[in-house]
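Numbering (my numbering), first residue to last: 1365 to 1754. C-beta atoms are modelled at their ideal positions from N, C-alpha and C, and glycine is treated no differently. For reference, the structure is listed below as structure tokens.
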């Protein structure tokens, strides 16, 4: 099968592709893609945790910087220590499980408001009206974006998301460039306001850290806000959308969750494993490294197929079966190692509340048309999910 065929099939349903590649070996060099592909759970863990693998794409032999950039776009998500450590330490306190628990009442309120509105209509697109707006609102409020500006802020962010090339992180359209410029100008104004009048929000905390000598430049501050919003939106929105879509395909599991609402914690972990929002994570060896008996050369790209590792039969019994009570569940949906997803606690809370509330309140939930997938092999999500509430 050619590289083009491989990618085409993976866009529609990546899991048979992972199975096919894994049958030939859990770590394989793919000629047409000029990179290694990891589909094994043990091998993925090894690469994600290995100190000789970098997240900095500029270390890849095939990488080209986009015009006007002196380093790869992507901020701390494509950085190595010590820069990654410095930037992550400034924001990680805002996403600890303890802090996120304080957001639970607000998430509940947003969910109930959205479901009330959907109930009045009888039909809704769960991506446009539920899975997308929920994390967008939570993140905007966390940052300190005024309510009157949140819809515009979300529009700019979604435009940016849809026009970022997932491999290079380059913007691939004028709309994306304009959205980024609008976001940067807007955030510059908000940051200036917070310098004069701090508020109890994340932007004010970052401004205070900068002024305390944490070496956070104005550009880093703006980039941090944009990247946190993008990452949080992608993970939470697609967890909710993919999770509900999976329950529609498995009504027995949806009924089980209604009968046993205490299962929601393990259910979220299983839904993350079963149809992972983030399918691929990239790493580059900084020197020749042997993994699983194979020599990975310095500068080669390694694609860690998180979705494939989460379906590895060596790690999960009957990996293609959805089991909301599955334990243990050592999935890699949030990655592992230094770049373990910063927003994982928030995504888990948002996913648990949104999925449980919808599933419980509307037991007759059904599709009102075919859902449409986003055409992206790195991020697995739905563009639309039309449903009847029953």
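Cut-off 6 Å between Cβ atoms - residues of its own chain near residue i, not counting five sequence neighbours on either side
i            : result
residue 1379 : 1675
residue 1601 : 1495, 1496 and 1499
Simplified DSSP assignment, three categories, for residue i
i            : result
residue 1747 : strand
residue 1658 : strand
residue 1583 : helix
residue 1667 : strand
residue 1467 : coil
residue 1392 : strand
residue 1520 : helix
residue 1460 : coil
residue 1417 : strand
residue 1489 : strand
residue 1741 : coil
residue 1690 : coil
residue 1399 : strand
Beta-carbon proximity list for residue i, same chain, < 7 Å, skipping 5 on both sides
i            : result
residue 1633 : 1693 and 1695
residue 1381 : 1370, 1373 and 1374
residue 1514 : 1501 and 1504
residue 1548 : 1586
residue 1686 : 1610, 1614, 1617, 1634 and 1638
residue 1410 : 1655
residue 1658 : 1391
Whole-angstrom distance between residue j and residue i, CA atom to CA atom
i            : j            : result
residue 1566 : residue 1455 : 8 Å
residue 1608 : residue 1719 : 7 Å
residue 1420 : residue 1489 : 37 Å
residue 1391 : residue 1404 : 7 Å
residue 1646 : residue 1415 : 14 Å
residue 1753 : residue 1701 : 40 Å
residue 1504 : residue 1510 : 8 Å
residue 1670 : residue 1560 : 44 Å
residue 1473 : residue 1518 : 19 Å
residue 1571 : residue 1543 : 23 Å
residue 1729 : residue 1711 : 23 Å
residue 1556 : residue 1708 : 30 Å
residue 1655 : residue 1397 : 19 Å
residue 1684 : residue 1476 : 32 Å
residue 1483 : residue 1722 : 11 Å
residue 1627 : residue 1523 : 36 Å
residue 1750 : residue 1604 : 14 Å
residue 1584 : residue 1395 : 37 Å
residue 1592 : residue 1539 : 20 Å
residue 1625 : residue 1725 : 12 Å
Classification of residue i by the beta-carbon crowding that lies within 10 angstroms, buried from 16 upward
i            : result
residue 1341 : The question about residue 1341 has no answer here: the residues shown for the chain are numbered 1365 through 1754.
residue 1459 : buried
residue 1407 : buried
residue 1346 : Nothing about residue 1346 can be read from this structure; the chain reaches only from 1365 to 1754.
residue 1417 : buried
residue 1640 : buried
residue 1413 : exposed
residue 1704 : exposed
residue 1486 : exposed
residue 1716 : buried
residue 1469 : exposed
residue 1525 : buried
residue 1803 : Because residue 1803 is not part of the residues shown, which for the chain are 1365 to 1754, the question remains open.
residue 1672 : buried
residue 1735 : buried
residue 1478 : buried
residue 1516 : exposed
Neighbourhood of residue i by C-beta, 8 Å cutoff - its chain only, sequence neighbours within 5 removed
i            : result
residue 1663 : 1423, 1424, 1425, 1648 and 1649
residue 1630 : 1688, 1689, 1690, 1691 and 1693
residue 1651 : 1416 and 1662
residue 1443 : 1419, 1420 and 1451
residue 1552 : 1582 and 1586
residue 1467 : 1502, 1506, 1710 and 1713
Quick one: complete alpha helix (DSSP H) runs, 4+ long, within the segment 1607 to 1650? 1615 to 1623 and 1628 to 1638
Fully enclosed by the segment 1694 to 1735, which beta strand (DSSP E) runs are 3 residues long or longer? none
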